[in-house]
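Some notes on the structure that comes next.
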């Protein structure tokens, strides 16, 4: 009876240590998802169908120049290429993490030789040098049993990161397309402003000459002449600002497209639906200026 009691008391620390180790290997909690009270149907009676988001929405503008710019940006933008490379990286990490569920087999082969000289201390009994060949072949196999779900949970985490990377790439595409479209239309607006200020500048210049002649002839006061002069200078500032905005937008397009963009203006061909606006033709070039 006493021996059995002593053995049970001796096993108590071992059992406590085993329970502590098992407690440290507890599984992570499951994913907690909330419930959202949603109506069974939409308030409108419109039947579900394909939306504009399913297709390239920029085709709605019916602008061939913009569509070509967007195609170039989606193919050549540097940030988009980085996001695409991150998708490949995340996919590879999922594969590497999931491979830990399978056994690993390591095969090692080694070969060499050693030579012992007959001259040495202590003296060798052999009358000549002794050469010994060393060959080794090893085979190691290991397999970690995923008892507590460590590998399974790590694989699930990498899969979630992979899906997040894919969504980040799609978000980058949406931002890129919207930025190219915004800069393009701002550039077209600057073109229109440049055309207006060019005509206004020519008209104000002629009026300034007339006001100067009338002032020097004594027909009007100096105030009228100075007002015409101030209006002419104000239009000249607007004209220069329109040129600056055009150069800025062209540089922004070059960054978004990932290529140097040479811009050719064709004033004889206004865009349909925008009478008087100069039509733009973009030529994508490399850094040396050669057309691609």
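Numbering (the numbering used here), first residue to last: 7 to 298.
Positions of the beta carbon are idealized from the N, C-alpha and C atoms, including for glycine.
In this text the structure is predicted, and so the values were computed from the model without any measurement.
Three-state class that DSSP yields for residue i in the structure shown
{"i": "residue 205", "result": "helix"}
{"i": "residue 49", "result": "coil"}
{"i": "residue 163", "result": "helix"}
{"i": "residue 69", "result": "coil"}
{"i": "residue 257", "result": "helix"}
{"i": "residue 41", "result": "coil"}
{"i": "residue 154", "result": "coil"}
{"i": "residue 226", "result": "coil"}
{"i": "residue 194", "result": "helix"}
{"i": "residue 326", "result": "The structure shown does not extend to residue 326, since the chain spans only 7 to 298, so no value can be given for it."}
{"i": "residue 63", "result": "helix"}
Between the CA atoms of residue j and residue i - distance to the nearest angstrom
{"i": "residue 80", "j": "residue 240", "result": "41 Å"}
{"i": "residue 63", "j": "residue 176", "result": "14 Å"}
{"i": "residue 138", "j": "residue 116", "result": "14 Å"}
{"i": "residue 141", "j": "residue 105", "result": "31 Å"}
{"i": "residue 185", "j": "residue 234", "result": "40 Å"}
{"i": "residue 88", "j": "residue 45", "result": "41 Å"}
{"i": "residue 97", "j": "residue 108", "result": "18 Å"}
{"i": "residue 92", "j": "residue 166", "result": "14 Å"}
{"i": "residue 76", "j": "residue 47", "result": "37 Å"}
{"i": "residue 230", "j": "residue 191", "result": "39 Å"}
{"i": "residue 69", "j": "residue 78", "result": "15 Å"}
{"i": "residue 152", "j": "residue 40", "result": "29 Å"}
{"i": "residue 203", "j": "residue 238", "result": "10 Å"}
{"i": "residue 259", "j": "residue 213", "result": "38 Å"}
{"i": "residue 168", "j": "residue 155", "result": "20 Å"}
{"i": "residue 266", "j": "residue 159", "result": "46 Å"}
Beta-carbon gap between residue i and residue j smaller than 7 Å
{"i": "residue 103", "j": "residue 171", "result": "no"}
{"i": "residue 82", "j": "residue 264", "result": "yes"}
{"i": "residue 253", "j": "residue 199", "result": "no"}
{"i": "residue 148", "j": "residue 110", "result": "yes"}
{"i": "residue 251", "j": "residue 196", "result": "yes"}
{"i": "residue 112", "j": "residue 85", "result": "no"}
{"i": "residue 226", "j": "residue 220", "result": "yes"}
Residue of the options minimising C-alpha distance to residue i
{"i": "residue 201", "options": "246, 113 and 184", "result": "246"}
{"i": "residue 243", "options": "207, 119 and 182", "result": "207"}
{"i": "residue 72", "options": "151, 152 and 182", "result": "182"}
{"i": "residue 95", "options": "164, 110, 186 and 113", "result": "164"}
{"i": "residue 262", "options": "156, 251 and 188", "result": "188"}
{"i": "residue 157", "options": "178, 99 and 121", "result": "99"}
Assumed close pair residue i, residue j - CB separation to whole angstroms, cut-off 8 Å
{"i": "residue 144", "j": "residue 118", "result": "About 14 Å separates the two Cβ atoms, so there is no contact after all."}
{"i": "residue 193", "j": "residue 256", "result": "7 Å"}
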